[in-house]
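A quick write-up on the structure given underneath.
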Amino acid sequence: MLDIILKRKEGTNVLKGIKLRLYPNRTQQNQLEQMFGNDRFVWNQMLAMMNERYQNNKALPFLGKFKLNYLLKPLKKEYPFLKTSDSSSLQVVNEFLTQSWKNFFQDKSGQIGKPRFHSRKYLKKSYTGKSIIKTAGKRYLKIPKLGYVKTSKTGVLQNTKIKRYTVLLEPLFASTGGNI
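To convert, count from 1 in the sequence shown and add 2; that's our numbering.
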């Protein structure tokens, strides 16, 4: 099951998010798995670089998300499979990594540790993009790099401009249907 969480602002009412179920075909499922893996790969590469930089000289200034985004182009040249991902999703990975480092440096209580590497068995298989999603007809969304994806409903999305979205793979859980 794939869910997409959308955030929108409508007049004075603020809608935090809408959760829709996606029904991708086989090639779109493979593309989504590749995008999840690419986001994890970029997170790990950038984290390794930042850890090495932090270990070598702790007095160096902290790299922000814009400086990390400049490193994406050489990374894509070195690893061509990253070009299959939406570029905005890789920028969001840098944004999340920068925020986790800021949380680590600003925490005075010692509760928040350094950011960690994500393994292939990382539970949260998702990617967030900043590209614009369009509704295309009844029950179809046009998502960058995926094309037209069938969804559970699009009626709630009429006349809205979606600027940021998260595609999340949620595992299906079996229901017991009674007391355990």
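All C-beta atoms, glycine included, are put in the ideal place defined by N, C-alpha and C.
- Per DSSP, reduced to three states, the secondary structure at residue 86 is helical.
- Around residue 106, the same chain offers 114 and 116 as residues with beta carbons nearer than 6 angstroms, after the five sequence neighbours per side are excluded.
- In this structure, DSSP gives residue 141 a state outside helix and strand, which the three-state scheme calls coil.
- Taking a C-beta distance under 7 angstroms as the contact criterion, residue 167 and residue 134 do not qualify as a contact pair.
- Using a 10 angstroms sphere on the CB of residue 58, the tally of other CB atoms stays under 16, which defines it as exposed.
- Within its own chain, the residues whose Cβ lies closer than 6 angstroms to the Cβ of residue 40, once the five positions on either side in sequence are excluded, are 84 and 87, listed in chain order.
- Residue 158 counts as exposed, since fewer than 16 other beta carbons sit within 10 angstroms of its beta carbon.
- Counted as a single uninterrupted DSSP element, the alpha helix (DSSP H) harbouring residue 69 occupies residues 67-72.
- The count of Cβ pairs closer than 8 angstroms, one atom from the stretch 58-77 and one from the stretch 92-106, reaches three, so the stretches are in contact.
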